[in-house]
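One structure below.
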Amino acid sequence: MTAAFDDLLAANERYADDFQFAGFDGFAHAGVGLVTCMDSRLDPLGMLGLRPGDAKMVRNPGGRVTHQALLALILGVNLLKVERILVIPHTRCAMASATEAELRARVGEASGQDASWETFGAIADQESQLRDDVTRVRTHPLIPESVAVGGFLYDVDTGRLRHIV
Numbered sequence: 001m002t003a004a005f006d007d008l009l010a011a012n013e014r015y016a017d018d019f020q021f022a023g024f025d026g027f028a029h030a031g032v033g034l035v036t037c038m039d040s041r042l043d044p045l046g047m048l049g050l051r052p053g054d055a056k057m058v059r060n061p062g063g064r065v066t067h068q069a070l071l072a073l074i075l076g077v078n079l080l081k082v083e084r085i086l087v088i089p090h091t092r093c094a095m096a097s098a099t100e101a102e103l104r105a106r107v108g109e110a111s112g113q114d115a116s117w118e119t120f121g122a123i124a125d126q127e128s129q130l131r132d133d134v135t136r137v138r139t140h141p142l143i144p145e146s147v148a149v150g151g152f153l154y155d156v157d158t159g160r161l162r163h164i165v
């Protein structure tokens, strides 16, 4: 099984040869907190002109403000110098292009297991869900009103962000 990771470990060796973040303090130096999708077409730092160390990031299916994502944002705001939060789902997202039943069926077929009991978080209306997620962040009592919170939709075909809320 170790051979499955050989290419990645070799890449890590090359990365470590020029490692520049030793002793880094772990704060969000650009004051940015970000929730976005796990989709491999997204480069969260690149799309915002940021570099490692500038932002605290949470990635999950659909770029949703889940309970865990909200906890990360609360910690970021209160302990890690996050002053601005962006919630960024994207176009052509698998979570927004199938129903919960369809996702269960696809996962069940791919895994060969019954997936009817799992909830994957299908998104029926991406913009509406984004508005709800931004409201959830803005109204949380542990996130001060001084923190700017915005919702944006990333276009995977153009690389552009559209401000929704």
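Read left to right, the sequence shown gives residues 1 to 165 (UniProt numbering). From the three backbone atoms N, C-alpha and C, an ideal C-beta is built for every residue, glycine too. A quick note: this is a predicted structure, and the numbers were derived from the prediction, not measured.
Would you call the stretch 19–33 and the stretch 96–114 touching, i.e. three or more CB-CB distances under 8 Å? no
Residue range of the beta strand (DSSP E) that includes R84: Counted from its first residue, the sequence shown places residue 84 at position 84. R84 to I88 is the extent of the beta strand (DSSP E) around R84.
Per DSSP, H163 forms a beta bridge with which residues? As a position in the sequence shown, residue 163 is number 163, starting the count at 1. Per DSSP, F152.
Three-state secondary structure (DSSP) of G53: Along the sequence shown, read from residue 1 onward, the residue named residue 53 stands at position 53. Coil at G53, not helix or strand.
Would you mind sorting L71 into buried or exposed? The rule is 16 or more other CB atoms within 10 Å of its CB. Reading the sequence shown from its first residue, position 71 is the one you call residue 71. That one is exposed.
Quick one: is G63 buried, meaning 16 or more other Cβ sit within 10 Å of its Cβ, or exposed? Position 63 of the sequence shown, counted from the start, is the residue given in the question as residue 63. Label assigned to G63: buried.
Of the residues T91, T66, G53 and F19, which one's Cα is nearest the Cα of S40? Residue numbering aside, residue 40 sits at position 40 when the sequence shown is read from its first letter. Of the candidates T91, T66, G53 and F19, the one whose C-alpha sits nearest the C-alpha of S40 is T91.
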